[in-house]
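Worksheet for the structure shown next.
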Amino acid sequence: MSYTIHPLSELKASQLNEMSTLHLQDHGLLSQLGYPFARRYFETAIQDKRMIGVFAVDDQTGKLIGYNVASPEPAWHTSQLTNDKVWFIKEIIKVLFTRPPAFFQLIVSSLTIKEQMKDESDAIESLYLTVDENHRGQRIGRTLQQALIEECRKAGYKRITGSIETWNEASIRMCQSNGFVIKHTFREGKFLRHRIEKIL
Ligand SMILES: CC(C)(COP(=O)(O)OP(=O)(O)OC[C@H]1O[C@@H](n2cnc3c(N)ncnc32)[C@H](O)[C@@H]1OP(=O)(O)O)[C@@H](O)C(=O)NCCC(=O)NCCS
-10 MSYTIHPLSE
0 LKASQLNEMS
10 TLHLQDHGLL
20 SQLGYPFARR
30 YFETAIQDKR
40 MIGVFAVDDQ
50 TGKLIGYNVA
60 SPEPAWHTSQ
70 LTNDKVWFIK
80 EIIKVLFTRP
90 PAFFQLIVSS
100 LTIKEQMKDE
110 SDAIESLYLT
120 VDENHRGQRI
130 GRTLQQALIE
140 ECRKAGYKRI
150 TGSIETWNEA
160 SIRMCQSNGF
170 VIKHTFREGK
180 FLRHRIEKIL
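With the numbering used here, you'll find the sequence shown wraps up at 189, consecutive numbering, no jumps.
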């Protein structure tokens, strides 16, 4: 199977739906909040020039099969979810009643991420990396991450940071084989995570 990696700037509006849907295969908070949140998040995030990213498209089907995005301001992107207050309150009430743990996790995570990026002006945070379930285990994640690292280096960042869940063997192996090291392990609500870093 062959695929092509593109910079995020080439993502078409019509691919936003694919990207948000693909994100639901992730295990993190944004996917637990549901499609409307993932869609809103990526809609605003990809318009922000500070966000760096890459995505992979299957050459045969034209389908978006993976992406990796990073930003120096992770908390800013999350805060954009509340810009439209009426939309946010309506959607968050639905989450509160249908998935209360996700609601409380949102509060914990918002506080944690603000702390993490304090005084890190030379660093960029790898936020989300997802490969379509039917395409995993073919080194696409590894290649996407390498492409993202290269984009961040070109943009002048000196370090790339991230957080990965301790149970996520595939993610840990992928990050380590791409030169990330585990700095420490911390709890973020229900998530137990490794804080990782790669010097660029
Ligand atoms: C993590 C993820 C991106 C990996 O993508 P992938 O394309 O399947 O990974 P790759 O084929 O590039 O493999 C990367 C490494 O993980 C290993 N790996 C892949 N699947 C694995 C699995 N299920 N269990 C253990 N190791 C696995 C590979 O052997 C490889 O290790 P190596 O470099 O030492 O050979 C993918 O599983 C995914 O999208 N998961 C859901 C979202 C997620 O967890 N994102 C990561 C957040 S940081």
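Glycine included, each C-beta is placed from N, C-alpha and C at the ideal position.
Could you tell me if the beta carbon of residue i falls within a distance shorter than 7 Å of some heavy atom in ligand 1?
i    : result
M163 : yes
R184 : no
R148 : no
R128 : yes
D15  : yes
S160 : yes
T101 : no
N157 : yes
S166 : yes
V120 : yes
I153 : yes
R28  : no
R39  : no
Within 10 angstroms of its Cβ, does residue i collect 16 or more other Cβ (buried), or is it exposed?
i     : result
Y56   : buried
P61   : buried
A144  : exposed
E(-1) : exposed
K187  : buried
E7    : buried
T67   : buried
S166  : exposed
A159  : exposed
Between the alpha carbons of residue i and residue j, how many angstroms are there, rounded?
i      : j     : result
N72    : P89   : 22 Å
M(-10) : T132  : 14 Å
H124   : Y(-8) : 11 Å
V84    : N157  : 25 Å
I130   : L100  : It is Gly, not Ile, that sits at residue 130 in the sequence shown. The straight-line gap from Cα to Cα measures roughly 28 Å.
I78    : S98   : 18 Å
W76    : I35   : 20 Å
Q135   : T174  : 23 Å
I81    : Y24   : 12 Å
Just to confirm, are residue i and residue j a CB contact at a threshold of 8 Å?
i    : j    : result
H12  : S20  : yes
I153 : I185 : yes
L137 : G42  : yes
L22  : A64  : no
F31  : L70  : no
S110 : G151 : no
R28  : S9   : yes
L95  : L181 : no
Q14  : E122 : yes
Could you tell me if the beta carbon of residue i falls within a distance shorter than 7 Å of some heavy atom in ligand 2?
i    : result
E177 : This structure lacks ligand 2; its bound ligands are ligand 1.
On the DSSP bridge assignment, give the partners of residue i in chain order.
i     : result
R184  : S152 and H173
N57   : V43 and L118
A27   : Answer is none; A27 lacks a bridge partner.
A112  : R148
P(-4) : V43
Within 8 Å (strictly less), CB to CB, does residue i reach chain B?
i   : result
A59 : As a matter of chain content, chain B is missing from the structure shown, which is built from one protein chain.
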